[in-house]
Structures are given as structure tokens and as C-alpha cells.
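Counting from 1, position 74 in the sequence shown corresponds to residue 74 in my numbering; the numbering is continuous, with no gaps. Don't be surprised by glycine CBs; every beta carbon is placed ideally from N, CA and C.
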Amino acid sequence: METTLSYLDSIENLKANSKADSLIVLFHQDSDFQINNTALTLEIKNHLKVNNNSSPVNVLHSSEAPNSRLILVQLPTIKELFKDNSDVKNIFAPFVREAIKVCLKTGSKNPILFFPDTKLLFDQYYKENYSNNELKSKALKNLWEEKYENHIMASLLAIYQEIYEPLQAREHFLQKQISNPKIENIQVKFPSSAQLKKEDCEKLLRKISAIEEGNILARDVGGSDPERMTPQNCGKFIKDSFKNLNDIVSVTIEADRQVLEREYPLLYAVCRASMAVPRHHPCVVRLEYKSDNQEEVTDNLFFSGKGVTFDTGGADLKVNGAMRFMSRDKCGATGNFIDLNIQKPIKITSLYAVGVAGFFKALALLKPKNINATALLGFVRNSIGPDSFVSDEIITSRNGTRDDNRLSLVLIGNTDAEGRLVMCDLLCKLKEEALKLPNNEQKKSLFTVATLTGHVIRAYGPYTSILENGPAKLSEIGKKIKDSGEKVGQGCELTNLRGEDFQMIAPGSSAEDVIQTNDKASSATPRGHQFPAAFLSVASGLCNHGLDSTDWLNYLHVDIAGSAEELDAIGWGLPKTTGSPISSFVGAFC
């Protein structure tokens, strides 16, 4: 990772800090400074006396700051933390991102980042305004823990999001020996009242760095063009990224055509047309992490991932410019969305399979003892050609090839709904592995975490949707992920699977057992982001492991079509990928 984090214990003598070349000071507009540096405090207060209503980020000449560079960042007032719709995403993230952009423009590469004592100020405001009202006091008692306790992590991850340089840009700069300005190190000054020991602060910084390593892997694969990241290049790049960690996470690649056709028939149908071009041939990447102390394991996690390196739509061809951005379908799905600020249609693309790979990169670095994790990531190209699969085909899924008494025959409704086909047989394979584990107190949870539908963007904008089966809902796994995500700026919405979702994909005749989808876009279909979870549950056979079964398996479908990329882009360019939901998963399970 090009930008490292380090702990700073004091800012009393900044001039002696040879590693720093600027100072970024965050403060809340309605609060006094909590800086243990009298001369610096006086400089800042004198500036604010004459310039208190300027932009949120200001660069000052300061005799006390490293290299005389002081970047002053005004955060929203403490009162705003108590607003109904406030969270770390709008209180901290946009301001630290702007600050680091300004920092780079000044030529600084090694800033000190000073955090205000937000918790102390929060408690003071709470005591002054709510302690005498028993009802309000009780209601707001856990507000800090629910929303803001991870504000430092959220802020540093937001900075990393801002300064990320795309893989192909880095490769170009390296090839041409071009020196590109970048942040090398950030020294972090934690709030003094937090009373955190140095080792606790450094542990937090290591966790943030591990998450960002995962985010970088996800962005690198997901954000690269369809020739740089062909299916097998994706597999090779992921495997290479674990080359120094292969004793912790094992990575294997299956690319044999006959094996893929036999083991994953739905996935193979999607990539049939691509077999005419050798470099577009598919592969399935398997990642496996095992705790080094199996007695401490509480959760066994299984992930099925969609990695469509380019999506033409297949025989149901994308037209009228809809194929634009489809190199990001290895990151997920594309839909049309109305920007809530400027009210005009924009294209949204997003990320999944590589997000799971990124989560495993974080696992390799954090080495949690409480989980085992397995992932199957299907990398394919949905091409169009003489051998394209088409609507009205009936394909026997892996579930049917393994057990004739289970639902098996899939009627294709739309070749542009290929993502669920890529994931379905992988999910079935993982289900089989989960069922082989002993029935003990360890949870068995299966996930499809996909940028699957434009409908979820219509419904929730830039937020993740989580759907759970009965056992998962009872275990509150979705709530655990949601609560974790809220604290780091990756908001989630819990959505219910309903009977109507299963009715929509029910067979219309004895020729099929389940219907993949209709012939409409998900955004034009009622419950367009919910019913795909019903399809995946039925076609994989997971529907047989709900509350009415003897072998419960938790199943969660996480649609991140809106959260895996930022909603804006510069001009006609591609938007930035975010690495979602890596932070949410790390917080929930590590």
C-alpha cells in the first residue's frame, strides 16, 4: 500500500517532527479548540476572528506547523450530530476528503491529521440538552455507539477513497517513469480524552490499513478495462495479490472448460459465446481462509461472487448506449438512476466478486480466529455470437445434476440477467460444502453479495440492500452487517423476502422448475431487487434449508449496486468504485 498510517502521541513540538510536512486540523464549528499547543491555538483563533465564514477547508501559513503549512477544516456543529439524518458519511467524510485534496495541491506528502475530541463535545452537548428529560435521555443513550464511535476509521477510509489511484494509471506511470504526486504517510493524532493506549491506536490503524488493502484489490480489478482484466487475468491478479499470504488464504483457479460445463452449467451457459475467443475464456476462483484455532470458530462464511468482465447483454443485447460502463460488471450491474441533487438520469455501475476477494485480503492481514471463510468467484464475459444462450432455453442447474428430487430446470427469461446465473451454481456448490460440516454451535452462513439490479438503486440510491432467509433473520446477521456498515459510512437497508417474490419465479408448466426472470429491466419490475434472491434460493436448493427444515442454513443476498460505486463521475468518465461492502463485513465478523 502506497500510503501508510502511523500513530502520533503529541503535537506539542511540531517543528521537531521531521517526518511531517503539513498539519491538518479538524474542528467543530461550535466548539473551542482542544489543542495542546498554545501558540498554534492562538494562530487559529486569530484567523477565525477575521475569517470565520470562509470555505470549510482553508490553507494558512503557520509558524507552528510543519513546513509552515496549516490546513484548517471546519466540521459541522456538534448539534448536527443529533439530527435524524446525520451519520459519519455526511458529518466527517466529505470534509476530510476535501482536506486531503487541498493537502496534495499544496505539495504536502506527509501530513499530520489532528482529530477533535468529538466524543467529549458530544457528551457535553448531550448532558446540557437532554439529561433533564428522561424520555429523550433514554432514547439517545446509545446514539454515539450506534453512529459515531468509529468516526476516525470512517474518516481515514474516506481519505483513502479520495487518494486512490487506478491500477492502469499506476502501471502507466511506472512504465513511463513518471513521478505522480501522492500521500506517503499520514500521522494520526487521536483525541486525548479517548485515553487510548498507544498499542490500541496502532491496532486500529492496522485494521484500517488491512481494510484498505482489501479495498485496493477490489478497486484494481473492478476498475480496470475489459482487456486488462479478462476473466483469467482477474483470476491471476487475485492469486498474485495473495502470493505472500498463501499460507493464510489459499487461492486456486479452475479454468478447464469441461469441468466448468459439468460443475457449473448455468455459469457456463452465460459464457458460451465467449469460448470462441481464448483470452475471454471463463474461470472460477476459489478463496479459502481457515482460523488457526478451530476451537474459537463461531461462524463459517461462504460467498458466491459474480465477476462479469464485460456484459453485452448477450442475445438480449444492450442497446442505445446501455453497454457503456459494462467493463464494471465484474464489479456488478448497471442501471439508470436519478441523481437526487441534480435530477437528471445518470448511469450507475457497481462491484461485487472483487469485493469478496478484497474481504479475503483483509482477513489474511487481520487473521481473525472466530471465522472460517470460503468463496467461489465466477469470472466470465457475457458475449454475443453464434453460440449465445438465448431466452426460452431450459437449463439444468447444478442443483438438479446433483439431486433429481430437487428443483433443477431453469427457464431463461432474459440473457441480460446473467449475474444470478453466474452465482447460482457456485452458491449450490457452497451449500453442499456447508451441509458437510458438523451440526454444532457454529453458524453456517451463505452470501450472494452482488451489484445485481438497477431496481435497488431506484429504491435506495447509494445504499446497500440486505435480504435474509428465515434462519439468517433469527440470527440477526443482516442487522449485524447493517450496524457495522452504518458506523463506517456504508449504510444498509434491511429488506424482507415475501411470498410474492417466490410466486414471480414459480414455474408456468411442468417443463421447468423455476424461471430466471421476466423480459423487463429490474427497475421496471415490481420488487425488482427482491425476487432475484428468491430465484437464487430456489435454483440453488437453499430453499430447502429454511425454518421448516432440519438443516438450517443462513442465506443473505446483499445487493450493492448503489453502494459499490460513487454516484457521480467527472464529465463522461467512469465513477470511482468504493470497495463496499468490505468495511461492513470486517466490522461484522472480525
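Query	Result
Could you check what DSSP says for Phe173 in three-state terms: helix, strand or coil?	helix
Exposed or buried, what is Arg219 when buried is set at 16 or more other beta-carbons lying within 10 Å of its beta-carbon?	buried
Let me know the secondary structure DSSP gives Tyr160 once reduced to three states.	helix
Span of the alpha helix (DSSP H) holding Arg527?	Counting along the chain, Arg527 falls outside any alpha helix (DSSP H), and DSSP gives it neither H nor E.
Check the C-beta distance from Val25 over to Leu70 and give it rounded, since I have them as a contact under 8 Å.	7 Å
Would you kindly check if the distance between the Cβ of Gly223 and the Cβ of Leu167 is under 8 Å?	yes
Have a look at Val285 and Glu261 and give me their C-alpha separation to the nearest angstrom.	15 Å
Three-state secondary structure (DSSP) at Lys83?	coil
Relative to the C-alpha of Phe447, which candidate in Cys424, Glu441 and Leu204 has its C-alpha closest?	Cys424
Is the CB-CB distance between Val592 and Leu113 below 8 Å?	The structure shown does not extend to residue 592, since the chain spans only 1 to 590, so no value can be given for it.
Using a threshold of 8 Å, state whether the C-beta atoms of Phe389 and Val270 are closer than that.	yes
Give the secondary structure of Thr495 by DSSP, where H, G and I count as helix, E and B as strand, and everything else as coil.	strand
How big is the Cα-Cα spacing for Asp416 and Lys136?	50 Å
Which residues mark the beginning and the end of the alpha helix (DSSP H) in which Ser583 is found?	Ile582 to Phe589
Which of the three DSSP states, helix, strand or coil, is assigned to Val538?	helix
If I measure Cβ to Cβ from His61 and keep anything under 6 Å in the same chain, skipping five residues before and after, which residues do I get?	Ser68
Could you check the C-alpha separation between Pro507 and Ser408 for me, to the nearest Å?	11 Å
Asn382 bridges to which residues according to DSSP?	Asp311
To the nearest angstrom, report how far apart Lys19 and Asn246 are at their CA atoms.	34 Å
Pick from Leu42, Gln503 and Thr230: whose alpha carbon is nearest that of Ser63?	Leu42
Quick one: measure Cβ to Cβ for Asp316 and Asn414, integer angstroms, because I've assumed they're closer than 8 Å.	5 Å
What do you reckon, are the CB atoms on Asn469 and Asn554 nearer than 8 Å?	yes
Pick out the complete beta strand (DSSP E) segments inside the segment 107–168, 3 residues or longer, and give them in chain order.	111–114
What is the C-beta distance between Ile664 and Val410, in whole angstroms, given that I count them as a contact (C-beta under 8 Å)?	Nothing about residue 664 can be read from this structure; the chain reaches only from 1 to 590.
Do Lys119 and Pro231 have their C-beta atoms closer together than 8 Å?	no
Going by alpha carbons, who is nearest to Leu14 out of Leu40, Val356 and Glu486?	Leu40
Once the 5 residues before and after Ile159 are set aside, which same chain residues still bring their CB inside 6 Å of it?	Val96 and Ile100
Between the C-alpha atoms of Val538 and Asp548, what's the straight-line distance to the nearest angstrom?	15 Å
If Asn110 and Glu12 are in contact, beta carbons under 8 Å, what's the gap, nearest whole angstrom?	Not confirmed; about 19 Å, so no contact.
Suppose you measure from the CA of His281 to the CA of Gln442; what does that come to, to the nearest Å?	38 Å
What residue range is occupied by the uninterrupted alpha helix (DSSP H) comprising Asp240?	Pro231 to Ser241
Where does the unbroken alpha helix (DSSP H) through Leu553 begin, and where does it stop?	Premise fails: Leu553 is in no alpha helix (DSSP H) and is neither H nor E.
Report buried or exposed for Ser350, applying the criterion of at least 16 other Cβ atoms within 10 angstroms of its Cβ.	Only weak support exists for where Ser350 lies, its pLDDT of 36 falling under 50; the coordinates are left without a value.
Extract the residue ranges of the alpha helix (DSSP H) inside the segment 11–74, only unbroken runs of 4 or more that lie entirely within it.	38–51
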